[in-house]
Amino acid sequence: HGDMVQPLRVKVDREARRLAGYRYGRQIADDYLTQLGQGEEQVARWLEAENDPRLNEIVSHLNHVVEEARIR
């Protein structure tokens, strides 16, 4: 995720922190961006392995942030 545009990284980080709190949000954002860097299928596998409904909800929001950035 090092090649991801910095403003998008910041948006993902902020959204995750808003939804999950500062520390946990940061970890989710980092994990999400790492998984996303390996492809969207990897994100799905990660969510399945974690089996956490709240994480699914947060990642859904983060996917929306990324999609909006791609559209622009």
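Residues in the sequence shown are numbered from 1001 upward in steps of one, following this note's numbering. All residues carry an ideal CB built from backbone N, CA and C; glycine is no exception. All of these numbers come straight from a predicted model, not from anything done at the bench.
Is the segment 1062–1072 in contact with the segment 1046–1053, if contact means three or more CB pairs nearer than 8 Å? no
Inter-residue spacing [alpha-carbon to alpha-carbon] between Pro1053 and Val1059: For the purposes of this step, residue 1053 is identified with residue 53 of the sequence shown, where counting begins at 1. For the purposes of this step, residue 1059 is identified with residue 59 of the sequence shown, where counting begins at 1. If you take the alpha carbons of Pro1053 and Val1059, they lie about 10 Å apart.
To the nearest whole angstrom, what separates the beta carbons of His1061 and Leu1019, a pair I think is in contact under 8 Å? Numbered from its first residue, the sequence shown carries residue 1061 at position 61. Numbered from its first residue, the sequence shown carries residue 1019 at position 19. Rounded, the Cβ-Cβ distance is 6 Å, consistent with contact.
Asp1013 by DSSP, collapsed to three states: which one? Along the sequence shown, one-based indexing puts residue 1013 at 13. It is helical.
Could you compute how far the alpha carbon of Tyr1032 sits from the alpha carbon of Arg1026? Numbered from 1 along the sequence shown, position 32 holds the residue referred to as residue 1032. Numbered from 1 along the sequence shown, position 26 holds the residue referred to as residue 1026. When rounded, the distance between both Cα atoms is 10 Å.
Continuous alpha helix (DSSP H) stretch holding Asn1056: start and end: Taking the first residue of the sequence shown as 1, we reach residue 1056 at position 56. Annotation for Asn1056: the continuous alpha helix (DSSP H) segment containing it runs Pro1053 to Ile1071.
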